[in-house]
Amino acid sequence: MKVILRKNVDNLGAKDEVVEVKGGYARNYLIPKGLAFPATPDKLKQLEERKRVIKQKNEREKLKAKRVEEKLKGVTLTIEREVGEEGKLFGSVTTQDIVDRIKKKFNISLDHRKIVLDEPIRVIGIKEIFIKLHPEVEVPLKVEVKKKVEDEK
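If you want it as structure tokens, here you go:
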């Protein structure tokens, strides 16, 4: 019996996959537990349509990510911070600070979770980070942290 999986099932398949199983396994376990439903011609058409829509959406998101990548490729982002003794920052530069700077400089809105930063930047200098715009699009970006110049009055 052919069924379409609603969820990932160990040793059987992934969500939205059409699999062949024994009738008893489908009727007594998969279908009652909500893990699968029978693969009727109508359900197969709906599944294909859903896959097509998801693929189109993914392509649009990838194209949008490529455009952002072109704008940010090779850019060095400068962030000024107050510095204490020994070149240590008061506070740190976080992913949100980087997102705010990108928004201000390039008018590009990003989610701070897309920035790959192991830990906040706490020292002056240049650090290379990555922005994961899409599962297939990752942009390297240099962040330069400088000492904030204070105006003398």
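Numbered by the UniProt record's numbering, the letters in the sequence shown go through residues 1 to 153 in order.
A virtual CB, placed ideally from N, CA and C, is assigned to each residue, including glycine.
Since we're looking at a predicted model, the values are computed, not measured.
Legend entry - Range covered by the beta strand (DSSP E) that runs through P120: Looking at the DSSP string, P120 is not in any beta strand (DSSP E), and its letter there is neither H nor E.
Inset, instruction - Measure the C-alpha to C-alpha separation of D100 and E86 and round it to an integer number of angstroms. - result: Those two C-alpha atoms are separated by around 27 angstroms.
Legend entry - Close Cβ partners of A14 (< 6 angstroms) along its chain, the five nearest in sequence each way excluded: N8
Legend entry - E144 burial status per 10 Å Cβ neighbour count (16 or more: buried): exposed
Legend entry - Spatial neighbours of V123 in its chain, beta-carbon cut-off 8 angstroms, leaving aside the 5 residues before and after: G87, K88, L89 and V145
Inset, instruction - List the DSSP bridge partners of L5. - result: A36
Inset, instruction - Go through the segment 87-141 residue by residue and report every complete run of the alpha helix (DSSP H) that reaches 4 residues or more, in order. - result: 95-106
Inset, instruction - Excluding the 5 residues preceding and the 5 following A36 in the sequence, name in chain order all residues of the same chain whose CB lies nearer than 7 angstroms to its CB. - result: Taking C-beta separations shorter than 7 angstroms and ignoring five residues to either side along the sequence, the partners of A36 in its chain run V3, I4, L5, R6, A26 and L30, following chain order.
Inset, instruction - Please classify V21: does DSSP put it in a helix, a strand, or coil? - result: coil
Inset, instruction - Step through the CB atoms of chain B and report whether any lies within less than 8 angstroms of the CB of N11. - result: Considering every chain present, this structure includes no chain B. It has just one protein chain.
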